[in-house]
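Right, one structure below, let's go through it.
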Amino acid sequence: MAGNDRVVGLAGNDTLLGGVGNDTLDGSIGDDQIFSGQGSDIAIGGKGRDRFALDRGAGRDTIRDFSDRQDRLGLSKSLTFGKLDVIQQGRNTLIRVGNDPLALLIGVQANRITAADFTRV
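Under the working numbering, think of the first position of the sequence shown as -18, with each following residue one higher.
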(Lines of atoms letter the chains of each structure in order from A and count residues from 1; the text may use other names and numbers.)
(Lines give C-alpha, C1' and ligand atoms only; values in the text may rest on other atoms or scores of the structure.)
Protein backbone atom coordinates (compact mmCIF):
# COMPACT_ATOMS: atom_id res chain seq x y z
CA MET A 1 0.00 0.00 0.00
CA ALA A 2 1.04 3.56 -0.56
CA GLY A 3 -0.72 6.73 0.52
CA ASN A 4 -2.69 7.59 3.61
CA ASP A 5 -4.87 4.51 4.06
CA ARG A 6 -7.32 3.21 6.65
CA VAL A 7 -7.21 -0.55 7.30
CA VAL A 8 -9.79 -2.14 9.61
CA GLY A 9 -9.73 -5.75 10.80
CA LEU A 10 -12.78 -7.90 11.33
CA ALA A 11 -13.79 -9.92 14.37
CA GLY A 12 -11.04 -12.48 14.79
CA ASN A 13 -7.26 -12.49 14.93
CA ASP A 14 -6.04 -10.20 12.15
CA THR A 15 -2.65 -9.22 10.76
CA LEU A 16 -2.76 -5.64 9.52
CA LEU A 17 -0.04 -4.30 7.25
CA GLY A 18 0.45 -0.62 6.57
CA GLY A 19 2.65 0.64 3.80
CA VAL A 20 4.28 3.91 2.89
CA GLY A 21 2.26 6.88 4.10
CA ASN A 22 0.45 7.98 7.23
CA ASP A 23 -2.01 5.13 7.73
CA THR A 24 -4.64 4.30 10.33
CA LEU A 25 -4.71 0.61 11.29
CA ASP A 26 -7.60 -0.59 13.46
CA GLY A 27 -7.57 -4.21 14.62
CA SER A 28 -11.12 -4.14 15.98
CA ILE A 29 -11.99 -7.32 17.94
CA GLY A 30 -9.45 -10.13 18.34
CA ASP A 31 -5.77 -10.73 19.07
CA ASP A 32 -4.26 -8.67 16.28
CA GLN A 33 -0.77 -8.06 14.91
CA ILE A 34 -0.19 -4.57 13.55
CA PHE A 35 2.76 -3.79 11.29
CA SER A 36 2.43 -0.12 10.46
CA GLY A 37 5.18 0.32 7.86
CA GLN A 38 6.75 3.64 6.85
CA GLY A 39 5.18 6.90 7.99
CA SER A 40 3.59 8.41 11.06
CA ASP A 41 0.75 5.96 11.54
CA ILE A 42 -2.10 5.59 14.00
CA ALA A 43 -2.53 2.09 15.44
CA ILE A 44 -5.58 0.89 17.36
CA GLY A 45 -5.60 -2.68 18.58
CA GLY A 46 -9.18 -2.81 19.80
CA LYS A 47 -10.38 -5.55 22.13
CA GLY A 48 -8.00 -8.46 22.57
CA ARG A 49 -4.29 -9.11 23.13
CA ASP A 50 -2.62 -7.11 20.40
CA ARG A 51 0.96 -6.82 19.20
CA PHE A 52 2.29 -3.59 17.70
CA ALA A 53 5.51 -3.92 15.69
CA LEU A 54 8.21 -1.25 16.14
CA ASP A 55 11.18 -0.71 13.85
CA ARG A 56 13.94 1.86 13.41
CA GLY A 57 13.52 4.47 10.73
CA ALA A 58 9.85 3.69 10.07
CA GLY A 59 8.42 6.90 11.58
CA ARG A 60 6.75 7.55 14.90
CA ASP A 61 3.53 5.61 15.34
CA THR A 62 0.75 6.71 17.67
CA ILE A 63 -0.73 3.76 19.55
CA ARG A 64 -4.09 4.84 20.91
CA ASP A 65 -5.11 1.92 23.10
CA PHE A 66 -2.03 0.11 24.43
CA SER A 67 -3.06 -1.95 27.46
CA ASP A 68 -0.21 -2.76 29.84
CA ARG A 69 0.02 -6.47 30.75
CA GLN A 70 -2.27 -7.37 27.88
CA ASP A 71 -0.83 -5.93 24.67
CA ARG A 72 2.80 -6.24 23.53
CA LEU A 73 5.22 -4.07 21.59
CA GLY A 74 7.12 -6.12 19.02
CA LEU A 75 10.78 -5.29 18.46
CA SER A 76 12.55 -5.91 15.16
CA LYS A 77 15.85 -7.82 15.15
CA SER A 78 17.96 -4.67 15.48
CA LEU A 79 16.21 -3.55 18.69
CA THR A 80 16.41 -4.68 22.30
CA PHE A 81 14.68 -3.29 25.38
CA GLY A 82 18.05 -2.10 26.71
CA LYS A 83 18.53 0.16 23.67
CA LEU A 84 15.21 1.96 24.17
CA ASP A 85 14.43 5.21 25.94
CA VAL A 86 10.99 5.18 27.58
CA ILE A 87 10.06 8.78 28.36
CA GLN A 88 7.02 10.39 29.97
CA GLN A 89 5.64 13.10 27.67
CA GLY A 90 2.67 14.73 29.34
CA ARG A 91 0.03 12.02 29.80
CA ASN A 92 1.66 9.82 27.15
CA THR A 93 4.79 7.69 26.80
CA LEU A 94 7.35 8.14 24.05
CA ILE A 95 9.49 5.15 23.07
CA ARG A 96 12.61 5.95 21.10
CA VAL A 97 16.06 4.63 20.28
CA GLY A 98 18.59 7.47 20.24
CA ASN A 99 16.97 10.32 18.31
CA ASP A 100 14.64 7.97 16.41
CA PRO A 101 11.10 8.07 17.86
CA LEU A 102 9.35 4.71 17.45
CA ALA A 103 5.98 5.10 19.16
CA LEU A 104 3.83 7.35 21.29
CA LEU A 105 1.56 5.41 23.67
CA ILE A 106 -1.50 7.55 24.39
CA GLY A 107 -2.62 7.70 28.03
CA VAL A 108 0.12 5.35 29.26
CA GLN A 109 2.49 6.11 32.15
CA ALA A 110 6.16 5.50 31.31
CA ASN A 111 6.85 3.90 34.69
CA ARG A 112 4.39 1.11 33.78
CA ILE A 113 6.39 0.05 30.70
CA THR A 114 8.86 -2.78 31.41
CA ALA A 115 10.74 -5.41 29.42
CA ALA A 116 7.70 -7.69 29.91
CA ASP A 117 5.71 -5.43 27.56
CA PHE A 118 8.01 -6.31 24.63
CA THR A 119 8.41 -9.31 22.37
CA ARG A 120 10.19 -10.13 19.08
CA VAL A 121 8.60 -9.76 15.65
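Ideal Cβ placement from N, Cα and C applies to all residues, glycine included. What you are looking at is a predicted structure, and each value in this text was computed from that prediction instead of being measured.
Which residues does DSSP list as the beta-bridge partners of residue i?
i, result
"F33", "I15, L54"
"A24", "L6, I44"
"L86", "I44, T74"
"V67", "I76"
How is the beta strand (DSSP E) around residue i delimited, first residue to last?
i, result
"D7", "5 to 7"
"T(-4)", "-4 to -2"
"V(-12)", "-13 to -11"
What is the DSSP secondary structure of residue i, reduced to helix, strand or coil?
i, result
"A97", "helix"
"N73", "strand"
"D91", "Residue identity check: residue 91 is Ala in the sequence provided, not Asp. Helix, per DSSP."
Are residue i and residue j closer than 7 Å when you measure CB to CB?
i, j, result
"D42", "S57", "no"
"G(-10)", "G2", "no"
"G29", "D12", "yes"
"T74", "A91", "yes"
"L65", "F33", "no"
"F47", "V89", "yes"
Any 3 or more C-beta pairs closer than 8 Å across the stretch 12 to 26 and the stretch 59 to 73: no
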